[in-house]
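*Asks:* The structure's right below; bear with me while I get my questions together.
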Amino acid sequence: MARKRITYVLLALAAVLLLGSAVGGTRAALTYYSENYTAEITVSQIGVSLLENGQVVSSRDYKQNEWQAVTNRGKDSVNGALLLNMLEPEEKLALNKEYEERLTVKNSGSIDEYVRVRIYRYWMKDGKKVTTLSPDLIDLNLVSQDVWVKGPNETVECTELFYKGILPSGEESEAFADTIRIDGAVAAEAKVERNGSTITTTYKYDGVEFHVDVEVDAVQTHNAQDAIRSAWGVDAESLGIL
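With this note's numbering, you'll find the sequence shown wraps up at 242, consecutive numbering, no jumps.
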């Protein structure tokens, strides 16, 4: 039977000053996947939301025969925004300071589901990725590792997490992150040039943005082992998430 997949991407942006640099934001994506199970489940039942510090950043649910998106940027926008309240008015971001960034997933649909989260951390400048700065300098502190299991496809830039067990309809998961911090080691990344008696120090982070993208995928629980393998390419039992 032909594969049926419906994918939706929510893009969230943030604008916080980092010593003269811009701070990037987060993207949330919902994937509904069904291959041989359309007789048992309908797309109108599924939904998922990304929450930041208890508030919905963006959600995507199928209700009354149409997709309904809710974001913290208003009803006319499909793009939510993270880090909006990270700093107080007129406050400047401080290196090595931990800021609250509690990220959770809520099952906002009417059926139980399995959930995967992918977190991407990277630096950008003038629309291009900066590979000379390590993503590890963007310290999003991961928590609840007893219920958020790391997947096999982790890279330097991407961390893949699977929620252990079923996330029931209407329930919110344990947090998978609780704080964010820009490592002060970023200030050590600099080039020093001497011209006579003049010494010029250029920091690699000058003018760069840091980005944290979060993708959330939901899979129905019917025939979960096969559905998860088809949708995410992993063996759910070996990961211990069933």
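Heads up, the beta-carbon is just placed ideally off N, CA and C, and yes, glycines get one too.
(1) At least one CB of chain D closer than 8 Å to the CB of residue 233: is that the case?
(2) Could you say which of 46, 184, 84 and 156 lies nearest to residue 121 if we only look at CA atoms?
(3) Using the three-state DSSP reduction, which class does residue 229 fall into: helix, strand or coil?
(4) Give me, in chain order, the residues of the same chain whose beta-carbon lies closer than 7 Å to that of residue 144; leave out the 5 immediate sequence neighbours on both sides.
(5) Kindly indicate which residue of 148, 67 and 98 has the alpha-carbon position closest to the one of residue 180.
(6) What residue from 233, 138, 45 and 81 has the CA that sits closest to residue 259's CA?
(7) Could you round the C-beta distance between residue 117 and residue 234 to whole angstroms and report it? I think they count as a contact, below 8 Å.
(8) Restricting to runs no shorter than 3 residues, where is the beta strand (DSSP E) found entirely within the region 133-189?
(9) Grab me the residues of residue 138's own chain with a C-beta within less than 6 Å of its C-beta, minus the 5 sequence neighbours each way, in chain order.
(10) Which same chain residues end up closer than 8 Å to residue 133 when comparing Cβ atoms and leaving out the 5 residues on each side of it in sequence?
(11) Taking DSSP as the reference, what is the three-state secondary structure of residue 59?
(12) For the alpha helix (DSSP H) containing residue 239, list its first residue and its last residue.
(13) Going by Cα to Cα distance, which pick from 109, 107 and 88 is closest to residue 100?
(14) Can you tell me where the beta strand (DSSP E) with residue 110 in it begins and where it stops?
(15) Does residue 218 come out as helix, strand or coil in the three-state DSSP assignment?
(16) Whole angstroms are fine: how far does the CA of residue 92 sit from the CA of residue 182?
(17) Label residue 229 either buried or exposed according to how many other C-beta atoms from any shown protein chain fall within 10 Å of its C-beta, with 16 as the threshold for buried.
(18) Starting from the C-beta of residue 50, find all residues in its chain whose C-beta is less than 6 Å away, skip the five residues before and the five after it, and write them out in chain order.
(19) Which residue or residues does DSSP assign as beta-bridge partners of residue 277?
(20) Below 8 Å between beta carbons: does that hold for residue 241 and residue 149?
(21) What residue from 66, 194, 147 and 72 has the CA that sits closest to residue 53's CA?
(22) Could you spell out where the beta strand (DSSP E) holding residue 69 opens and where it closes?
(23) Quick one, are the C-beta atoms of residue 170 and residue 95 less than 8 Å apart?
(24) For residue 164, which residues of its own chain have a beta-carbon under 8 Å away from its beta-carbon, when the five flanking residues on both sides are left out?
(25) Using CA atoms only, rank isn't needed, just tell me which of 167, 69 and 161 is closest to residue 111.
*Replies:* Judging by the given coordinates:
(1) Structure shown: chain D not included; a single protein chain is present.
(2) For the purposes of this step, residue 121 is identified with residue 121 of the sequence shown, where counting begins at 1. Nearest of 46, 184, 84 and 156 to residue 121, Cα basis: 156.
(3) Counting from one through the sequence shown, the residue named residue 229 turns up at place 229. Residue state, collapsed to three classes: helix.
(4) In the sequence shown, the residue the question calls residue 144 occupies position 144. Excluding sequence neighbours, residue 144 sits near 174, 175 and 176.
(5) To locate residue 180, count along the sequence shown from 1; it is residue 180. Checked all of 148, 67 and 98; the closest Cα to residue 180 is 98.
(6) Only positions 1 to 242 of the chain appear in this structure, which leaves residue 259 out of reach.
(7) Taking the sequence shown and counting its residues from 1, the one referred to as residue 117 is at position 117. Taking the sequence shown and counting its residues from 1, the one referred to as residue 234 is at position 234. Contact doesn't hold; Cβ gap of about 13 Å is too wide.
(8) If you keep only unbroken beta strand (DSSP E) runs of at least 3 residues inside the region 133-189, you get 138-142, 148-150, 158-163 and 177-182.
(9) The residue labelled residue 138 in the question sits at position 138 within the sequence shown. The residues 121 and 210, in chain order, have a CB closer than 6 Å to that of residue 138 in the same chain once the five nearest residues on each side in sequence are set aside.
(10) Translated into the one-based positions of the sequence shown, residue 133 becomes position 133. Same-chain partners within the cutoff: 123, 186, 189, 204, 205 and 208.
(11) Counted from its first residue, the sequence shown places residue 59 at position 59. If DSSP states are grouped into helix, strand and coil, residue 59 belongs with the strands.
(12) What you label residue 239 is simply residue 239 of the sequence shown in a count that begins at 1. Counting along the chain, residue 239 sits inside the alpha helix (DSSP H) bounded by residues 236-239.
(13) Here the question's residue 100 lines up with position 100 in the sequence shown. Nearest of 109, 107 and 88 to residue 100, Cα basis: 88.
(14) Here residue 110 is taken as the residue at index 110 of the sequence shown, counted from 1. For residue 110, there is no enclosing beta strand (DSSP E), as DSSP marks it with neither H nor E.
(15) Your numbering for residue 218 matches position 218 in the sequence shown. Shown here, residue 218 sits in a strand according to DSSP, grouped into three states.
(16) Translated into the one-based positions of the sequence shown, residue 182 becomes position 182. Translated into the one-based positions of the sequence shown, residue 92 becomes position 92. Between the C-alpha atoms of residue 182 and residue 92 there is a straight-line separation of about 13 Å.
(17) Locating residue 229 in the sequence shown gives position 229, where the first residue counts as 1. Exposed, because fewer than 16 other Cβ atoms sit within 10 Å of the Cβ of residue 229.
(18) Residue mapping note: residue 50 aligns to position 50 of the sequence shown, counting from 1. Cβ within range, chain order: 28, 57, 58 and 216.
(19) With the chain running from 1 to 242 in the structure shown, residue 277 is simply not present.
(20) Counted from its first residue, the sequence shown places residue 241 at position 241. Counted from its first residue, the sequence shown places residue 149 at position 149. Cβ atoms of residue 241 and residue 149: closer than 8 Å.
(21) For the purposes of this step, residue 53 is identified with residue 53 of the sequence shown, where counting begins at 1. Answer by Cα proximity: 72.
(22) In the sequence shown, counting from the first residue as 1, residue 69 sits at position 69. First-last of the beta strand (DSSP E) with residue 69: 66-71.
(23) Working through the sequence shown from its first residue, we reach residue 170 at position 170. Working through the sequence shown from its first residue, we reach residue 95 at position 95. Here residue 170 is not near residue 95, since their CB atoms are 8 Å or more apart.
(24) Residue mapping note: residue 164 aligns to position 164 of the sequence shown, counting from 1. Sequence-distant partners of residue 164 (beyond 5 residues in either direction) whose C-beta falls short of 8 Å from its own C-beta, in its chain, are 146, 147, 148, 149, 240 and 241.
(25) Reading the sequence shown from its first residue, position 111 is the one you call residue 111. Comparing Cα-Cα distances from residue 111 to each of 167, 69 and 161, the minimum goes to 167.
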